[in-house]
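Reading through the structure tokens given below for one structure.
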Amino acid sequence: MREDAVVAKLRKELLVHRIVTCLLVLLLFSSWIHGRIGSNKAFVLVNGKPVACLASEVEARELLQNIKRRTGCDPSEIQFREDVVIARAPRDARVVSRHRAENAIRSAISLAVPRWAIIVDGKPVVAVPSRSDAGEVLELAKARFGRQAKNLCEEPQFKEKVTVDMALVPPSIYKKTPEEAISYLFDCKGVETEEGTYVVKQGEVASQIAKRFGLSLKELWSMNPGINLNRLQIGDKLRVKRAVNQKPKLTVIVRDQSERIEKIPPPTHRVSSARMYLGKTAQLSPGSPGLRKVKVATVYENGRRVGVEVLEEKILKEPVPRCIVEGIKPRP
Numbered sequence: 009m010r011e012d013a014v015v016a017k018l019r020k021e022l023l024v025h026r027i028v029t030c031l032l033v034l035l036l037f038s039s040w041i042h043g044r045i046g047s048n049k050a051f052v053l054v055n056g057k058p059v060a061c062l063a064s065e066v067e068a069r070e071l072l073q074n075i076k077r078r079t080g081c082d083p084s085e086i087q088f089r090e091d092v093v094i095a096r097a098p099r100d101a102r103v104v105s106r107h108r109a110e111n112a113i114r115s116a117i118s119l120a121v122p123r124w125a126i127i128v129d130g131k132p133v134v135a136v137p138s139r140s141d142a143g144e145v146l147e148l149a150k151a152r153f154g155r156q157a158k159n160l161c162e163e164p165q166f167k168e169k170v171t172v173d174m175a176l177v178p179p180s181i182y183k184k185t186p187e188e189a190i191s192y193l194f195d196c197k198g199v200e201t202e203e204g205t206y207v208v209k210q211g212e213v214a215s216q217i218a219k220r221f222g223l224s225l226k227e228l229w230s231m232n233p234g235i236n237l238n239r240l241q242i243g244d245k246l247r248v249k250r251a252v253n254q255k256p257k258l259t260v261i262v263r264d265q266s267e268r269i270e271k272i273p274p275p276t277h278r279v280s281s282a283r284m285y286l287g288k289t290a291q292l293s294p295g296s297p298g299l300r301k302v303k304v305a306t307v308y309e310n311g312r313r314v315g316v317e318v319l320e321e322k323i324l325k326e327p328v329p330r331c332i333v334e335g336i337k338p339r340p
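To get this note's numbering, take the position in the sequence shown, counting from 1, and add 8.
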């Protein structure tokens, strides 16, 4: 009987221990769930990577809307080229200021808006409200440089392949009028920022890459969220920006036709003479130059002369050859 009592007591203690253990596990799990679900903090994720943490989902959505509004376009039309989502953040996530969050998000995303675009060699260079506006821009571009020619050989042409189509474009290239678009295409002053991708090479570190592109290390970090710049590997791809001199985004070719009279140099006929010593020469006839009328096209690209093309040539007077006698008699 005594042994049965001891066994029963041990079983009871074991049961109590298991119950207490289960309660502790349940309490810890509940605390963890509360920490995850009970938090109002929100992450802005770009392509699955956290870029910024804000105090609430509402604040995160307002910030994304504010970024869209700053473009000057209708926010409802603005799209993100990347996958941008808002997700609940854990309670221990560090909230950053709106200013810092906006800068981080701007560096990680590319905005796009559907507009009628002038596409040059496959790349949208400027966008306007309508297809007719795009056509007017192209006509204005031709007229801008065509009027500089005194006698157009043909209608001005574009050097590049140019098309007009609806496309998703950066809001920065959208212009409200054809005149603004023309100014944007051709009035290039100073430098502009160009985005690109850089592939890390052997022995390179983040500070070297940042310096090469004129960026601070902080800027390089903000442009590449989710990438540990302290542990770069060969072949890693980094998002970078570089300053480049602005240049016209479209090239208009103009051919200015003109005529001119040119002299034709007389050819030289050489005659050997056994009566003259070797090395001696004498002119029998000076000859005379001929004349020809030449029709040419002077080629300009955006107003800058780049070459001359001969279109037609007509001989007005044939040249008379110059006759030279050369001695071949051996010297004594």
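C-beta atoms are modelled at their ideal positions from N, C-alpha and C, and glycine is treated no differently.
With DSSP as the reference, please indicate the residues paired to residue i in a beta bridge.
{"i": "residue 173", "result": "125"}
{"i": "residue 58", "result": "53"}
{"i": "residue 87", "result": "120"}
Between residue i and residue j, what straight-line distance do the alpha-carbon atoms span, to the nearest angstrom?
{"i": "residue 62", "j": "residue 83", "result": "21 Å"}
{"i": "residue 141", "j": "residue 189", "result": "9 Å"}
{"i": "residue 68", "j": "residue 206", "result": "30 Å"}
{"i": "residue 202", "j": "residue 150", "result": "27 Å"}
{"i": "residue 325", "j": "residue 295", "result": "13 Å"}
{"i": "residue 279", "j": "residue 323", "result": "27 Å"}
{"i": "residue 110", "j": "residue 226", "result": "15 Å"}
{"i": "residue 301", "j": "residue 320", "result": "8 Å"}
{"i": "residue 167", "j": "residue 316", "result": "16 Å"}
{"i": "residue 94", "j": "residue 224", "result": "28 Å"}
{"i": "residue 4", "j": "residue 60", "result": "Residue 4 is absent from the structure shown; the chain starts at 9 and stops at 340."}
{"i": "residue 383", "j": "residue 96", "result": "The structure shown does not extend to residue 383, since the chain is modelled only from 9 through 340, so no value can be given for it."}
Excluding the 5 residues preceding and the 5 following residue i in the sequence, name in chain order all residues of the same chain whose CB lies nearer than 8 Å to its CB.
{"i": "residue 160", "result": "154, 262, 263, 264, 265"}
{"i": "residue 143", "result": "172"}
{"i": "residue 64", "result": "48, 49, 50"}
{"i": "residue 152", "result": "190, 194, 260"}
{"i": "residue 26", "result": "none"}
{"i": "residue 184", "result": "136, 137"}
{"i": "residue 162", "result": "263"}
Mind checking which residues open and close the beta strand (DSSP E) that includes residue i?
{"i": "residue 324", "result": "312-325"}
{"i": "residue 95", "result": "92-96"}
{"i": "residue 335", "result": "330-337"}
{"i": "residue 305", "result": "298-309"}
{"i": "residue 269", "result": "260-272"}
{"i": "residue 292", "result": "289-293"}
{"i": "residue 283", "result": "276-285"}
Could you pull out every residue in the same chain whose Cβ sits closer than 6 Å to the Cβ of residue i, ignoring the five residues on either side in sequence?
{"i": "residue 179", "result": "79, 81, 119, 121"}
{"i": "residue 181", "result": "134, 135"}
{"i": "residue 230", "result": "112, 115"}
{"i": "residue 327", "result": "272, 274, 297, 298"}
Alpha helix (DSSP H) containing residue i: first to last residue?
{"i": "residue 69", "result": "65-77"}
Quick one: is residue i near chain D, going by C-beta distance under 7 Å?
{"i": "residue 73", "result": "No chain D is part of this structure, which consists of one protein chain only."}
Alpha helix (DSSP H) runs contained entirely in the region 161-249, provided each spans 4 or more residues: 186-194, 214-220, 225-231
3-residue-minimum beta strand (DSSP E) runs that sit fully inside the region 100-162, ordered along the chain: 119-128, 131-136
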